Amino acid sequence: AQKVTQAQTEISVVEKEDVTLDCVYETRDTTYYLFWYKQPPSGELVFLIRRNSFDEQNEISGRYSWNFQKSTSSFNFTITASQVVDSAVYFCALNNFNKFYFGSGTKLNVKP
Amino acid sequence: ETGVTQSPTHLIKTRGQQVTLRCSSQSGHNTVSWYQQALGQGPQFIFQYYREEENGRGNFPPRFSGLQFPNYSSELNVNALELDDSALYLCASRPSSGTGSGEQYFGPGTRLTVT
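Sequences listed follow chains A and B, in order.
Under the working numbering, the residue at position 110 of the first sequence is numbered 110, and the numbers go up by one with no gaps.
Under the working numbering, the residue at position 81 of the second sequence is numbered 1081, and the numbers go up by one with no gaps.
The structure is reproduced here in structure tokens:
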């Protein structure tokens, strides 16, 4: 069975704090893709990153970084020095065999 | 802006009715997926079309059906509407060979309310 779990329903931080959003996935397949999306209050999902199952290198993009660990089936997302504009719902997703599985999302509130 | 548009923005239907939602993808995007997102939930994958053929489906009953057209537009049809069908419906497109996975571009969604 394929499944994505985002155990943190909602997180509140003060601006400039670092925050990590957790994502744990389940799949028996060896080939799959993992994603993170941002959904601001406007509602449109925004792509942040894609990782395939054979690439465990961590990635950094500006204030964003991702830690992919196959040993623990986790694909965590860290925002460094958070800003109010980072406030949104963040979704982790798994894709394989032309099907997609999204987690239930983590709502991030960044307060000034 | 992703270049993916959806219509209508909002829709109210009565239980038992049928509804058609529309999506227009970017030129060259030959793969389109549809999702149902209930309030406070993550998107649930309905199905995917590649070159006008369905090539992936989630756990949705047959009353959810779709069409994809050569002009990069697509439709989601839902028959015999139920109250639980009330949700935001999202389409997403990407240029791909139909397998594997590339970056998806999501539309703004259609908010369907069933009364």
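Beta carbons are placed, not taken as given, at the ideal position from N, Cα and C, and that holds for glycine.
Keep in mind it's a predicted model, so treat the numbers as computed, not measured.
Straight across, the Cα-Cα distance linking B/F1069 with B/E1052 is about 6 Å. If only uninterrupted beta strand (DSSP E) runs of at least 3 residues are considered, those enclosed by the stretch 45–93 of chain A are 46–52, 59–61, 64–69, 74–79. Its Cα nearest to that of B/P1095, the residue B/Q1026 stands out among B/P1008, B/F1047, B/Q1026, B/T1014. Taking C-beta separations shorter than 8 Å and ignoring five residues to either side along the sequence, the partners of A/N96 in its chain run Q2, T27, D29, T31, Y32, Y33, following chain order. Residue range 1019–1024 is occupied by the beta strand (DSSP E) that includes B/C1023.
Contact between A/E56 and A/K38 does not hold, since their C-beta atoms are separated by about 23 Å, which reaches or exceeds 8 Å. Taking the beta carbon of A/S104 as reference, the chain B residues within 7 Å of it are Q1041, G1042, listed in sequence order. With respect to chain A, the C-beta atom of B/S1033 has a partner C-beta closer than 8 Å.
For B/H1010, the uninterrupted beta strand (DSSP E) segment begins and ends at 1010–1013. For B/T1113, the enclosing beta strand (DSSP E) covers residues 1110–1114.
If you draw a straight line from the Cα of B/N1077 to the Cα of B/Y1050, it is about 17 Å long.
Beta-bridge pairing by DSSP links A/A1 to no other residue. Under a 10 Å Cβ-count criterion, A/F54 is classified as exposed, with fewer than 16 other Cβ atoms of the shown protein chains found around its own Cβ. When the five nearest sequence neighbours on each side are left out, the beta carbons in the same chain lying within less than 7 Å of the beta carbon of B/R1063 are those of V1078, N1079, A1080, in order along the chain. Taking 8 Å as the threshold, the shortest C-beta distance from A/N98 to chain B falls below it.
Interface annotation, A/G43: in contact with chain B, CB-CB separation under 8 Å.
Proximity of the stretch 83–101 of chain A to the stretch 14–23 of chain A meets the contact definition, three or more beta-carbon pairs being nearer than 8 Å. Scanning chain B for C-beta atoms nearer than 7 Å to the C-beta of A/F47 yields E1103, Q1104, reported in chain order.
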